[in-house]
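Structure record follows, encoded as structure tokens.
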Amino acid sequence: MGINTGTSAAPETTVTAADARNAAEAARETAWERPSFAKGLYLGAFDVSLIHPHPEPSAVESERGDAFLAEVDAYARTLDGARIEREDQIPDEYLAGLAKLGIFGMKIPQEYGGLGLNLSYYGRALAILGSVHPAFGALVSAHQSIGVPEPVKVFGTPEQKQRYLPRCAAGAVTAFLLTEPDVGSDPARMACAAVPSEDGSEYVLDGVKLWTTNGVIAELVVVMAVVPSRGIDTQGRKTGGITAFVVEADSPGITVEHRNKFMGLRGIENGVTRFHQVRVPAESRLGREGQGLKIALTTLNTGRLSIPAMAAGAGKWSLKIAREWSAARTQWGLPVGEHQAVGKKLAFMAATTFALEAVFELSAALADAGMKDVRIEAALAKLWSSEMSYKCADELVQIRGGRGYETAESLAARGERAVPAEQLLRDLRINRIFEGSTEIMHLLIAREAVDAHLAAAGDLASTTATLQQKGKAAFSASGFYAKWLPHLVVGKGLDPRSYNEFGPLGKHLRFVERESRKLARQTFYGMSRWQGRLEYKQAFLGRIVDIGAELFAISACCSRAEMLRLKDPTQGRGAQKLANSFADQSRLRVQALFNELWHNTDDADLTLSKALLQGDFAWLEEGIIDISEGTGPWIADATPGPSQQEDQHRKYR
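Position 459, counted from 1, in the sequence shown is what our numbering calls 1352; the numbers after and before it change by one each time, with no gaps.
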């Protein structure tokens, strides 16, 4: 069993923008075999039948799920979130309790020892645990949503499922290792290498992975590494490329070199993991060589829904504290909540919290039903929820005033209620970066949203095509647009009788239908104006995405409110009020975004930023002291080789 150790690391290469783009494109799911409500929003095809009636679990699923949530709630009330904040670690006995409860196997099928819960109940459990301390949510979602269970469940062989899933369900914590010191959302730069043996029986891993959530305590990890190309295999397929492996965390050559600390999420077991000549059996490879990035992105399609679930929980907690405080605190003869300046904040928080829950519940229900393609819905839910829940937390801190900035420990020490508002703000900040930053999510969703345009435009959307090629593409595209554009002129949104089954909320769905067609037209105008340069108009594309996100949120609110009304008319009337308020607020944001599409400072800002990067305004930075200078390089050295650090890995069971 010879090992090819001649190349233990990826060769030094210059990765161009085209290389990065091609790597991302190769990993995309290009087929749309099932309908997508959100994709339709961007194409001017608003189809409310795809989300209404609101999908609901079966009676059996609800009974099992509700019983489990009751157990989670009871156990969570015995946990001390303040202890985690003080000790910067989830105690081992808490981890053992979670394992006993079945938390680590919530989404794992029952046949493998898991609970087999759907995404809706999984997310609700995360919200409960996250309200005690967000580190619980990070722990469970990193394990269950993107760690070993999900990719093995979707892509694993029968043997791999039998080998790994029961362990995971029983409490073997797992992690997902993709990011490297010099690799974030650009996988073309990946340096971690997996060199196959001559007989193909195993691979040798070398490299360094950064921000390995759960990596400090994980028993199993999913590692993404580059396998060198060896031409075509015996089945006529390309070899090499970014590949996924399931690796035992205690394998010789693996060292957790550092446990990272952050501004929030104290207690998260996040580290730096080094692989040096780590031998991984070939049967531990997930999927084919070169399929790793596709596995990662497919896993994230539904894995991202953990963040909207926890965001909804954070919104609920923020609203509860803000409401109770605003009624208890009196200023100038009135409870502060009765002053308009604070009342508007409360109204925003209430309406937005309803929307946060609606967006998560609808996205999860659509994914659970399995009849729709939810890749855009899940991405929109992650993007929108991470931004809006943070705004709710920020408003809570503002409403609480000085007490919002004061730590819960300090409040308790001087005899007041220990409200960790500032902690929530710190903890939620990472959600705008986790699992695709807001900026990356804008680009990812925009790519899917304009997919039909790019397919129709062909070489028109290329920056390297010749004039002759562009001429042929223009002739071909004219046929598509001749059929498509007329459908964007009129629609049900112009008929005041449309969507009347939603009662007073029908007007908002008519608005969504009209604005969906307008959004499609504006996207077409952008495509026509910039053609291949559209991909560089990231601010424009970001606004396009944000408009679609707001329209999706309005739709989710209307669907959920109507579902609640049919179940309980009393609660339904309250849901209608919340949905109506949210839609009114959202409509103002949509109108502002449409205006900013063409009236903005984007070009001037780009010119200014380029001059700034060239050092033209270095004088503006004079008069301060940069205490970080001399403390180390911007990016740590990740040269492959044996570790020089003490292993920080620990076992909790």
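Yeah, the Cβ is synthetic: ideal placement off N, Cα and C, and Gly gets one too.
With fewer than three CB-CB distances shorter than 8 Å, the segment 1167–1178 does not count as touching the segment 1339–1349. Rounded to the nearest whole angstrom, the C-alpha separation of alanine 989 and tyrosine 1545 is 8 Å.
When only Cα atoms are considered, leucine 994 and glutamate 978 end up about 23 Å apart.
Glycine 1465: member of the alpha helix (DSSP H) spanning 1462–1491, first to last residue.
Look at the beta carbons and you see the segment 1257–1271 not touching the segment 1309–1329: under three pairs across the two are nearer than 8 Å. Leaving aside the five residues that flank glutamate 1455 on each side, the residues in its chain whose CB is nearer than 6 Å to its CB run, in chain order, Phe1395. Boundaries for isoleucine 1517: no beta strand (DSSP E) harbours it, and the DSSP string shows neither H nor E there. Looking at Tyr987, Ser1013 and Ala969, the one whose alpha-carbon comes closest to that of proline 950 is Ser1013. Short of 7 Å from the beta carbon of alanine 1035, and not among the five residues preceding or following it, lie these beta carbons of its own chain, in chain order: Ala1068, Phe1069, Thr1106 and Asn1107.
When rounded, the separation of the alpha-carbon atoms in leucine 1212 and tryptophan 1491 is 36 Å. Between lysine 1102 and alanine 1348, the alpha-carbon positions lie close to 36 Å from each other. Between the segment 1129–1138 and the segment 942–958 there are fewer than three inter-stretch CB-CB distances shorter than 8 Å, so the stretches are not counted as touching. Between glycine 1006 and alanine 938, the C-beta spacing is not below 8 Å. Only buried fits valine 1066, as 16 or more other CB atoms lie within 10 angstroms of its CB.
DSSP places isoleucine 1125 in the strand class (E or B) of the three-state scheme.
For glutamate 1443, the closest C-alpha among the options Ala1248, Glu1162, Gly1208 and Pro1228 is that of Ala1248.
C-alpha of glutamate 1428 to C-alpha of alanine 1084: approximately 26 Å in a straight line. Less than 8 Å divides the Cβ of serine 1279 from the Cβ of threonine 1331. Judged by beta-carbon spacing, serine 1452 lies within the 8 Å limit of histidine 945, meaning their Cβ atoms are closer than that value.
Sixteen is the threshold: since fewer than 16 other Cβ atoms of the shown chains lie within 10 Å of the Cβ of proline 1051, the residue is exposed.
As computed with DSSP, arginine 1172 is found in a beta bridge with Val1097.
In chain order, Ala1342 and Gly1441 place their CB closer than 6 Å to the CB of tyrosine 935, counting only its own chain and leaving out the 5 sequence neighbours on each side.
The residue from Met1334, Phe1417 and Arg1296 with its alpha-carbon nearest to that of leucine 1273 is Met1334.
Per the DSSP secondary-structure output, arginine 1152 pairs in a beta bridge with Gly1164. Secondary structure within the segment 1039–1101: the beta strand (DSSP E) runs of 3 or more consecutive residues, fully enclosed, are 1067–1070 and 1086–1089 (chain order).
Rounded to whole angstroms, glutamate 1150 and valine 1139 show a C-alpha spacing of 20 Å. DSSP, read as helix, strand or coil, puts threonine 1192 in helix. With contacts defined as CB atoms closer than 8 Å, tryptophan 1104 and threonine 1072 qualify as a contacting pair. When secondary structure is reduced to three states using DSSP, lysine 1131 falls in the strand class. Here tryptophan 1218 is buried. Its C-beta has 16 or more other C-beta atoms within 10 Å. Nearest neighbour of phenylalanine 930 by Cα position, chosen from Val1267, Val1045, Thr1532 and Arg1403, turns out to be Val1267. In this structure alanine 1314 touches arginine 1293 by the C-beta definition: roughly 5 Å separates them, less than 8 Å. Annotated three-state conformation of phenylalanine 1327 is coil, per DSSP. In the DSSP assignment, leucine 1304 falls within the alpha helix (DSSP H) that extends over 1301–1306. Setting aside the 5 residues that flank it on each side, proline 1089 is surrounded in the same chain by Tyr1096, each with a C-beta closer than 6 Å to its C-beta; the list follows chain order. A residue is called buried when at least 16 other Cβ atoms come within 10 angstroms of its Cβ; lysine 1275 meets this threshold and is buried.
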